[in-house]
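Below: the structure, in structure tokens.
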Amino acid sequence: MNKRRKRKSSNGSLNRSLPKTVGIIYSDVKREYFPTEVQYITEKDALHDAQVISLYLKKLRIKTLLYPGNATLTQKLRRDKPNAVLNLAGSVKGNEYLASSIPAVLELLEIPYTGAGILGESLSYNKFLVKKLLEQNGVPVPQYQLFNRPFDLFNPTLRFPLISKLNEIHGSVEITKDSISENEKHLRARLKFLIKTYEQPVLVEEFIAGREITAILLEGLNKKVYLAERVFKKNNEKYVFASFENQWLKDSDESFTYVKYRDKLLVEYVKKAFDITRMSDYGKFDIRLDNSGRYFFLDCNSNPAFGPKEMDCALANILDLFNISFPNILKRLLQNTIRDAIGKKLLPLTNNGRS
835 MNKRRKRKSS NGSLNRSLPK TVGIIYSDVK REYFPTEVQY ITEKDALHDA QVISLYLKKL
895 RIKTLLYPGN ATLTQKLRRD KPNAVLNLAG SVKGNEYLAS SIPAVLELLE IPYTGAGILG
955 ESLSYNKFLV KKLLEQNGVP VPQYQLFNRP FDLFNPTLRF PLISKLNEIH GSVEITKDSI
1015 SENEKHLRAR LKFLIKTYEQ PVLVEEFIAG REITAILLEG LNKKVYLAER VFKKNNEKYV
1075 FASFENQWLK DSDESFTYVK YRDKLLVEYV KKAFDITRMS DYGKFDIRLD NSGRYFFLDC
1135 NSNPAFGPKE MDCALANILD LFNISFPNIL KRLLQNTIRD AIGKKLLPLT NNGRS
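For the sequence shown, my numbering begins at 835 and goes up steadily by one.
Right, here's the structure in full:
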């Protein structure tokens, strides 16, 4: 199933139809799966979030089934045979890179699903490869280096300050004030901690001072990009960026709000990045605008956090600025998925719609 190609149905009624049954696959979360409490926090509400989304589906008169992303998944999907699946799984057994196994199962069972396919999900959990792909295709990124060991040779062309990021984990895990290094001694200590704790490479890149932009791309019959700037409550510090604390800790005083942002050049960059990284249906991009007016892509997320505003989800918060409600987002994604499935004959016409 080529998830990147979306076919326009010749029957206008199909574009308005919705599946009768939808499965929601969510991360099967247990504390022992995660090396730290920090990473666990980013996934601990997976079941609750799926339940919230299921209420919106039920309001659309769609029968909803919930599935944990574990070893029981294939058996349950074979039994229930949902018309489509919302793939919300961000990890399997606590490993984010195993999230690509979920679309693999759905492909084998020929069940239509939302979000990126196997390749897109695999790429998303290797930030170094994504940086390479963007760089090779003319999408601007900061200077960077991948460290497999704490004492790998340091690229002398990198300029401090530098920021260290786990290569295979999203959700701003370990993105704190201590992520910023102003000298090599601090960087080496940070690398030692991250590599030892999470047992994975670390991506180090030049910290870009400036404004922070978030882009959401939604696919339908065409790609639409929605841009918003993060306006930080505490903007007088030396390094201002979206940290783990102000995204996940409710009592944080480092919060930010979103305001609309517009730039046709950035829209085209986002569309290119979406295609290069093999995303599908929707994607999220974190971008910096430096003081010289240059854009730098910091992170690309296939299947980013998905949910309504009450879940404080970036996707819903940003689209709300453009008067797009969460039920409309759901309809658009499901119509997209069903239209594509009918075009590929994965669903017969009689299994789709309300008649």
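Even glycine gets a Cβ: it sits at the ideal position worked out from N, Cα and C.
Quick caveat, the model's predicted, so the values are computed rather than measured.
- Under the 10 Å beta carbon count, E930 is surrounded by 16 or more other beta carbons and is classified as buried.
- If you keep only unbroken alpha helix (DSSP H) runs of at least 4 residues inside the segment 876 to 944, you get 880 to 893, 907 to 914, 935 to 943.
- Unbroken alpha helix (DSSP H) stretches of 4 residues or longer found wholly inside the segment 1065 to 1143: 1078 to 1082, 1098 to 1110, given in chain order.
- By the Cβ neighbour-count rule, V926 is buried, with 16 or more other Cβ atoms within 10 Å of its own.
- One alpha carbon belongs to K910, the other to Y901, and they sit about 8 Å apart.
- Judged by DSSP in its simplified three-state form, I1042 adopts coil rather than helix or strand.
- Inclusion of K961 and D1120 in the CB contact set at 9 Å is not warranted, their separation being larger than that value.
- For G1054, the secondary structure class from DSSP, reduced to helix, strand or coil, is coil.
- A Cβ-Cβ separation of about 5 Å places A918 in contact with T1171 under the 8 Å criterion.
- Scanning its chain for C-beta atoms nearer than 7 Å, with the 5 sequence neighbours on each side dropped, one finds around P984 the residues R1022, L1025, K1026, I1029, in chain order.
- As computed with DSSP, V1059 is found in a beta bridge with L1051.
- Taking P916 as the centre and dropping the five residues before and after it, the same chain places the C-beta of T855, V856, G857, L899, I945 closer than 7 Å to its C-beta, in chain order.
- Ranked by Cα distance from P990, the first of L1000, S998, K999, Q979 is Q979.
- Burial is judged here by how many other beta carbons sit within 10 angstroms of a residue's own beta carbon; N1001 has at least 16 and is buried.
- Judged by DSSP secondary structure, K965 falls within the alpha helix (DSSP H) whose first and last residues are 961 to 970.
- Close CB contacts of N982 within its chain, under the 7 Å cut and outside five residues either way in sequence, are with P1035 (chain order).
- Distance from the CA of G1005 to the CA of T876, rounded to the nearest whole angstrom, comes to 6 Å.
- Assigned with DSSP and collapsed to three states, F981 falls in strand.
- The DSSP-derived three-state label of K864 is coil.
- In this chain, the alpha helix (DSSP H) harbouring I952 covers 952 to 958.
- Within the same chain, Cβ atoms closer than 7 Å to the Cβ of I1014 are found at P995, I997, F1041, Y1073, the five residues on either side in sequence being excluded.
- The segment 937 to 952 makes no contact with the segment 1095 to 1106; the number of CB pairs closer than 8 Å stays below 3.
- For I1152, there is no enclosing beta strand (DSSP E); the residue is part of the alpha helix (DSSP H) that begins and ends at 1148 to 1155.
- Each residue's CA atom was taken as its position, placing A1150 and L987 some 42 Å apart.
- DSSP places L996 in the uninterrupted beta strand (DSSP E) bounded by 996 to 1000.
- In the three-state DSSP reduction, V872 falls in the helix class (H, G or I).
- Sixteen is the threshold: since fewer than 16 other Cβ atoms of the shown chains lie within 10 Å of the Cβ of F1156, the residue is exposed.
- Excluding the 5 residues flanking it on each side, K1067 has same chain C-beta neighbours closer than 6 Å at S1089, in chain order.
- For the pair A1062 and R913, the Cα-to-Cα distance works out to about 42 Å.
- Taking a C-beta distance under 9 Å as the contact criterion, P976 and E955 do not qualify as a contact pair.
- Look at I1172 here: in three-state DSSP terms it is helix.
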